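Trainee: Below is the structure I would like to discuss, written out as structure tokens.
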Amino acid sequence: MLQALNVSCYRDERVLFKDLTFTLSAGEIMQIEGENGAGKTTLLRLLTGLSRPDEGVISWGDQSILHHCEGWPQQMLYLAHLPGIKQVLTAYENLRFYHPKASREAIYQALEEVELTGYEEIPVAHFSAGQQRRVALARLWLTDATLWILDEPLTAIDKWGVSTLNAKFMAHLARQGIIVLTTHQDLPASAQPIRKLRLSGDVE
Ligand SMILES: Nc1ncnc2c1ncn2[C@@H]1O[C@H](COP(=O)(O)OP(=O)(O)OP(=O)(O)O)[C@@H](O)[C@H]1O
Numbered sequence: 074m075l076q077a078l079n080v081s082c083y084r085d086e087r088v089l090f091k092d093l094t095f096t097l098s099a100g101e102i103m104q105i106e107g108e109n110g111a112g113k114t115t116l117l118r119l120l121t122g123l124s125r126p127d128e129g130v131i132s133w134g135d136q137s138i139l140h141h142c143e144g145w146p147q148q149m150l151y152l153a154h155l156p157g158i159k160q161v162l163t164a165y166e167n168l169r170f171y172h173p174k175a176s177r178e179a180i181y182q183a184l185e186e187v188e189l190t191g192y193e194e195i196p197v198a199h200f201s202a203g204q205q206r207r208v209a210l211a212r213l214w215l216t217d218a219t220l221w222i223l224d225e226p227l228t229a230i231d232k233w234g235v236s237t238l239n240a241k242f243m244a245h246l247a248r249q250g251i252i253v254l255t256t257h258q259d260l261p262a263s264a265q266p267i268r269k270l271r272l273s274g275d276v277e
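Note that this note's numbering has the sequence shown beginning at 74, numbered continuously upward.
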């Protein structure tokens, strides 16, 4: 269970959000909405523990994430706004860097899931923006993390890729995973309701 309790964040004397409170239980997905600069990425970084709120507490289970030293990185996967992949490395090498215990077969399979069969041993510097994003997204097929925090995962992804990703999200929720994401485009309609948090608004 991921919980934010009275979380506030200020930037340059501006209130980005104040007294944000929500709980996400196993099997739930929440989309954070807001205009450019509303604070979506800032909130995601708070949820990962990479930065700290000015006020309030974020908890995983019954413990603040700031005191959650053991196992926290393994339980949470954060895919940031930029793909975060190394240009000189191949697609395979990039995934092996993040998932050193994954077998070659598992990494090839993950790349197949994102339609990059045949590109495994090519440096990603030669890839298009969408293909680079797909390398980053292939990590979803390699991780055991329960909590996925995804910043704009659909950027540069074509319609086919969006529907593959949506299916992957739904499978993760069915296995009692939790997803928090930002996206400027809505996910396709699906059986699982998507909670929405509009910054400066209320959780539906
Ligand atoms: N470390 C920081 N120090 C000062 N201001 C910051 C910092 N990080 C972000 N900001 C500011 O906070 C505001 C929110 O930024 P953020 O990246 O969270 O917005 P966003 O909702 O993700 O926007 P976008 O839709 O454009 O990606 C912006 O005005 C940004 O300039």
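Backbone N, C-alpha and C define an ideal beta-carbon position, used for all residues, glycine too. All values derive from a computational prediction rather than experimental measurement.
If you follow the alpha helix (DSSP H) that residue 233 is part of, which residue opens it and which one closes it?
Mentor: 232-247
Trainee: Is residue 256 near ligand 1, in the sense that its beta carbon is under 7 Å from a heavy atom of that ligand?
Mentor: no
Trainee: Report yes or no: do three or more beta-carbon pairs, one from the region 114-124 and one from the region 221-241, lie closer than 8 Å?
Mentor: yes
Trainee: Which residues have a Cβ closer than 6 Å to any heavy atom of ligand 1, listed in chain order?
Mentor: By the rule of a C-beta closer than 6 Å to any heavy atom of ligand 1, the residues picked out are 84, 85, 89, 107, 109, 110, 111, 112, 113, 114, 115.
Trainee: Does the count of Cβ pairs from the region 97-117 and the region 178-186 closer than 8 Å reach three?
Mentor: no
Trainee: Which same chain residues end up closer than 7 Å to residue 138 when comparing Cβ atoms and leaving out the 5 residues on each side of it in sequence?
Mentor: In the same chain as residue 138, and ignoring 5 residues on each side of it, the C-beta atoms closer than 7 Å to its own belong to 122, 131, 132, 145, in chain order.
Trainee: Taking Cβ to Cβ, would you say residue 278 is nearer than 8 Å to residue 260?
Mentor: As shown, the chain starts at 74 and ends at 277. That puts residue 278 outside it, with no answer to give.
Trainee: Output needed for residue 189: all residues of its chain with C-beta closer than 8 Å, excluding positions within five of it in sequence on either side, in chain order.
Mentor: 164, 204, 207, 208, 211
Trainee: Do you know how far the Cα of residue 270 is from the Cα of residue 78?
Mentor: 14 Å
Trainee: So what does DSSP say about residue 77, is it helix, strand or coil?
Mentor: strand
Trainee: Hey, residue 105 and residue 235: beta-carbon distance below 8 Å or not?
Mentor: Contact check for residue 105 against residue 235 fails: the beta carbons are separated by 8 Å or more.
Trainee: Can you tell me where the alpha helix (DSSP H) holding residue 115 begins and where it ends?
Mentor: 113-121
Trainee: My output table needs one value for residue 129: the three-state DSSP class, helix, strand or coil.
Mentor: Note: residue 129 maps to strand in three-state DSSP.
Trainee: So, is residue 96 buried or exposed, given that buried needs 16 or more other C-beta atoms within 10 angstroms?
Mentor: The residue is exposed, with fewer than 16 neighbouring Cβ atoms inside 10 Å.
Trainee: Using three-state DSSP, classify residue 151 as helix, strand or coil.
Mentor: strand
Trainee: Keeping to the same chain, check which residues put their C-beta closer than 6 Å to that of residue 178; ignore five residues upstream and five downstream.
Mentor: Residues of the same chain with their beta carbon placed closer than 6 Å to that of residue 178 are lacking, with the five preceding and five following residues left out of the count.
Trainee: Restricting to runs no shorter than 4 residues, where is the alpha helix (DSSP H) found entirely within the region 157-233?
Mentor: 164-171, 177-186, 202-210
Trainee: Mark residue 255 as exposed unless 16 or more other C-beta atoms lie within 10 angstroms of its C-beta, in which case mark it buried.
Mentor: buried
Trainee: Could you work out which residue in 244, 194, 93, 156 is closest to residue 217 when comparing CA atoms only?
Mentor: 244
Trainee: Under the assumption that residue 220 contacts residue 90 (Cβ atoms under 8 Å), give the Cβ distance between them as a whole number of angstroms.
Mentor: Not confirmed; about 20 Å, so no contact.
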